[in-house]
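These notes are about the structure you will find just below.
2 protein chains.
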Amino acid sequence: MAETAEQSKSALKKAQKEANKAAEKAAKAAKMQAKQTLPSVGGKKSEDIMGITAKKTEDFATWYQEVVLKAELVEYYTEISGFFIMRPATMYIWNVIRKWFTEHIEEMGVEETNFPMFLSQKSLEKEKDHVEGFAPELAWVTKAGDKNLEVPVAVRPTSEAVMYPYYSKWIRSHRDLPLRLNQWNSVVRWEAKQTTPFLRAREFLWQEGHTAHLTEKLAGEEVLEILELYAGVYEQLLAVPVVRGKKTENEKFAGGYYTTTVEGYIPSNGRGIQGATSHCLGQNFSKMFDITVEDPAEKGKHIHVWQNSWGLSTRVIGVMVMIHGDDKGLVLPPRIAKTQCIIIPVGITAKTTPEEKTKHFEQLAEIKATLKKAGIRTEDDQREGYTPAWKFNDWELKGVPLRIEFGPKDAAKEVVSFARRDTGEKGTIPIAELTTKVPELLSTIQADMYKKAEKSFDEHRVVIEDWAEVVPALNARNVVLIPFCLDGKCEDKIKELTTGQHDENPDTSVPQAPSMGMKSLCIPFKQPKEVAQGTKCLNPECERSAQQYVMFGRSY
Amino acid sequence: MAETAEQSKSALKKAQKEANKAAEKAAKAAKMQAKQTLPSVGGKKSEDIMGITAKKTEDFATWYQEVVLKAELVEYYTEISGFFIMRPATMYIWNVIRKWFTEHIEEMGVEETNFPMFLSQKSLEKEKDHVEGFAPELAWVTKAGDKNLEVPVAVRPTSEAVMYPYYSKWIRSHRDLPLRLNQWNSVVRWEAKQTTPFLRAREFLWQEGHTAHLTEKLAGEEVLEILELYAGVYEQLLAVPVVRGKKTENEKFAGGYYTTTVEGYIPSNGRGIQGATSHCLGQNFSKMFDITVEDPAEKGKHIHVWQNSWGLSTRVIGVMVMIHGDDKGLVLPPRIAKTQCIIIPVGITAKTTPEEKTKHFEQLAEIKATLKKAGIRTEDDQREGYTPAWKFNDWELKGVPLRIEFGPKDAAKEVVSFARRDTGEKGTIPIAELTTKVPELLSTIQADMYKKAEKSFDEHRVVIEDWAEVVPALNARNVVLIPFCLDGKCEDKIKELTTGQHDENPDTSVPQAPSMGMKSLCIPFKQPKEVAQGTKCLNPECERSAQQYVMFGRSY
């Protein structure tokens, strides 16, 4: 977000107030977490002990915290507040995304790099808006061992200022363009605001791409190509619909030229959420960092290169959890699920003879092998001392898309029974058809999850042309598309005018006093309609003409 | 390295002295780098301008710096000293290693995780030796934005103290064992010593595995299994031979129980170099962090778990460069080369007609496609304005294992000409046999590179049983295997006794005054022979019996 120095200060003050509230929240969260530690083995036979206690529709914030903790996606790093541990269930998803995205950008000619995590004050200060945007959140290393550093260094909040002195060095000729580098790393932004797993943390994992081009046109093409990949991560992998658009001036990247974004929507509280951003930096940084090439069309003339930067973070996982999860826990889209199919033996009783049992488990092993051979990520759960019902709950909590139950009755009919995690739908599949029917079913689950989320977003993205309808629409969990003049001050005013209105369904995960104003999410590329001649900006205090429909909403 | 507080202090003082020297060196290196920036395009036709100017045999340190810079593996991060930028050529190699290692540890059941980069003082201080070992090199964050933190936090130098509070939380029962987690990250150790690309940097990339087991035996088995994978990275991927062994008490990991290691050897200066280490931490950390389970064999009895940690860093790439590189630049083993085979068109002259040229380049494209289809990572160099000889130099500098030249004369004979990067050997391959002969040739290159390095290490690992022969052996670029009592003080004495002796071939990359003493590298698992009855420790001032042959040497 680009901010003036004054805005930064006021934001900081506000943030400090919020930090106090945040501290209380954190203490509460820690208490909650303490309660949620797993019971000892002796208790694991009980069927209700591990489940999610909060209802998604009643207390969304608590529900979310429970899901990410109990599904073992994250752990709070209680040693230092605002930090989270990414557990294997998270890293699996992140690695699927990483692999998919890497393959696509490699095809585009982007190469991987790794720059140091520290930033010098001198480099940071080169771009004025950039330093103002990030300065309040910088973590400063001032000591090494027991000695003070002569010059403190900051942990990177993003790497423009780390990298671009070297772009200046490496780019000598237009033949060195495009220069396209990407790194997978973590960055630190010491937020004063309340942190939330995945969505807002003081350290987060991301990729950051930094490229340089000869012309605005080439840079602009890449910005959109990357944005489409970000949309692909959400839509194709995570089954989450997004709206592609451009940020307003108020919301663009600090120091950039323009910012494109994919924006998501959380149905439970009607909030918008920024998904990932692809920035055109224009020539701002190349002028400050002196990155030039000789114009290939005009000898002796030097051109400042056109630069982009683009990033996608682990936030994507939080959005996915919020959208698909339910009161039983996580619901994972098959494409990113480490375990796509869990096989649970059922119907084995005290009366089952050892021979029958052996034979049954041999059949089960065969089913598992068949599915694995067909490329389905399949596990079975043969843990002793747990009832099938307990196991059902456990795997539902963890979000496994498809459960297969296999008992003597199934065996007799040469079928398996299945249950879909997303809909709860049950049925049977002939064993002979496993290799075709299971992949089909997983594809259906992936598609249905997307469709459901898309329907919800479509229904809650409403065009509003009467100011009086704005807040009721927000309260009904919508984001709104309003005719807007695109002026930054008008945007601030709209936020102010919508702040403090009664919210029927407060989300307690973010401090709000007493309800959150709306801000601009993006100017959608796909406009709902043309702005009619003579349409005024919707802000009742604004006299300007509307330029475009802009998506506003309460947001994360 | 485990150190007492006193040793740490003395080491710190010494390091500070060395830092002054290091600063001078760094200034020199920066100057050198400035000279090495690529010439503008106009100059690229010259054939000698890009090569390595230092000779490997004459000025090894300068040679190494030139190679890693000019082959575009790294760039010095001149903003903050002691940091390096890993360029795409490095990241490619690192990712090959990452993929190979990940596949192997996944088979073992190790899962990926990601913990925060910051460490609280409280956690760090739990294990006394551990904190003493790392405290002098910790980078402390004391400020966020313009506010001082209430409690400063350190950037992790390694993650034992970051992770183990959560191991205590997550491990509730022996059923939770083994717990095996690994992360790929960077760590910061603010070294006062002279830094060298890959070998010693203030921030470096690595993987760190942290596991917990029920018994010493299970932990010990894993330690060796991982060590064998580390040996595999060196031997199978990087074509670098290593000696497997155990560290002495002086050299083991701070706070650990015992440390196993793979040790390499740099023929050019006869130094040993630690390759990667796999530690058994014993129960030291589990006692301090309270990680216990109930003994499955005895109800009510609690056992502290047995822990391991193991790490492999980008240092491996530096070792590979030092061993295989030559006066023309980098020499890459085919298995880790991004480009295994570079095709360069030759014999196209002013007399070649456009039709002939088109036809020739079509044939070349076919050859490239054939090789790519056979799984060979192949590129061609059709850059205009560069002579074939300039291109040869350029790709040799970058270490590409196999060059294929293709000219009209080759076409007439239906062959391609080739040149091996490692030996310079030239020959031809019938086009019809490309898909079998090229993979064979690459395998041969990989094997020959290993054999050559192995021969050198074997010839320079000498058993010495007469103290008078030790320093001459070191001066002749050997590491030595000596009968040793295993006492820590005796080890210090040996270092002292061998320091300051005249070194005929000083390596100026590491400060030494006037020549470096030898330290223990490892106790090789494969002993050269049994220690004969009555053999005394080789230290002339030691009266104890020798326990084992220990490998000592000057080292990095």
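Chains as they are written, first to last, in UniProt numbering: chain A, 1 to 556; chain B, 1 to 556. All C-beta atoms in this analysis are idealised placements derived from N, C-alpha and C, irrespective of residue type, glycine included.
With fewer than 16 other Cβ atoms inside 10 Å of its own Cβ, F525/B counts as exposed. A residue is called buried once 16 or more other Cβ atoms fall within 10 Å of its Cβ, and H460/A is buried on that count. It is roughly 21 angstroms from the alpha-carbon of K193/B to the alpha-carbon of L119/A.
Pairing P333/A with I97/A, the inter-Cα distance amounts to about 13 angstroms.
For the pair Y164/A and I303/A, the CB atoms are not nearer than the 8 angstroms cut-off. Looking only at F60/A, P88/A, Y76/A, the smallest Cα-Cα distance to K398/A is reached by P88/A. Just so you know, the alpha carbons of Q446/A and L177/B end up roughly 34 angstroms apart. Here V131/A is not near P157/A, since their CB atoms are 8 angstroms or more apart.
Listed along chain A, the residues sitting closer than 9 angstroms to P88/B by beta-carbon distance are E111, E112, T113, L181. Contact between E75/B and Y166/A holds, with the beta-carbon distance rounding to 6 angstroms and staying under 8 angstroms. Neighbourhood of E384/B in chain A, by CB distance below 9 angstroms: empty, with the nearest CB roughly 10 angstroms away.
Under the three-state reduction of DSSP output, K193/B falls in the coil class, being neither helix nor strand. Beta-bridge partners assigned by DSSP to Q307/B: A212/B, G282/B. Distance from L227/A to R244/A at the Cβ level is roughly 6 angstroms; contact confirmed, criterion being Cβ atoms closer than 8 angstroms. F253/A is not a Cβ neighbour of S168/A, given a cutoff of 8 angstroms.
Uninterrupted alpha helix (DSSP H) stretches at least 4 residues long and entirely within the segment 358 to 431 of chain A occur at 388 to 397, 408 to 413, given in chain order. Between L124/A and A161/A, the CB-CB gap stays under 8 angstroms. The C-beta of S81/A comes no closer than 8 angstroms to any C-beta of chain B.
Rounded to whole angstroms, the separation of the alpha carbons of V316/A and L237/A is 10 angstroms. For F484/B, the closest C-alpha among the options E541/B, E440/B, A453/B is that of E541/B. Taking all protein chains shown into account, E106/A has fewer than 16 neighbouring C-beta atoms within 10 Å of its C-beta and is therefore exposed. At the C-beta level, T378/A and L434/A stay beyond 8 angstroms of one another. For N393/A, the number of other beta carbons within 10 angstroms of its own is at least 16, and it is reported as buried. The alpha carbon of G534/B has as its nearest neighbour, out of L474/B, P528/B, S555/B, A546/B, the alpha carbon of A546/B. Where Q121/B is concerned, the enclosing alpha helix (DSSP H) starts and stops at 121 to 124.
Where Y76/A is concerned, the enclosing beta strand (DSSP E) starts and stops at 74 to 76.
Residues of the segment 263 to 279 of chain A with a C-beta atom less than 9 angstroms from some C-beta of chain B do not occur. Going by C-alpha positions, Y64/B is about 28 angstroms away from V153/A. With respect to the 8 angstroms criterion, S309/A and E235/A are not classified as neighbours on the basis of their beta carbons. Under the Cβ distance rule, G145/A counts among the residues neighbouring chain B, one pair being separated by less than 8 angstroms. A distance of 8 angstroms or more separates the beta carbons of A276/A and L224/A. Listed in chain order, the non-local C-beta contacts of E66/B below 6 angstroms within the same chain comprise I52, A54, local neighbours out to five positions each way being set aside. Against Y164/A, chain B offers no close residue; the least beta-carbon distance is about 11 angstroms (beta-carbon pairs closer than 8 angstroms).
For P165/A, the enclosing alpha helix (DSSP H) covers residues 160 to 170. Comparing alpha-carbon positions, the option among L179/B, P197/B, S173/B lying closest to Y556/B turns out to be P197/B. A Cβ-Cβ distance of about 13 angstroms is found for the pair I494/B and L481/B, leaving them out of contact under the 8 angstroms criterion.
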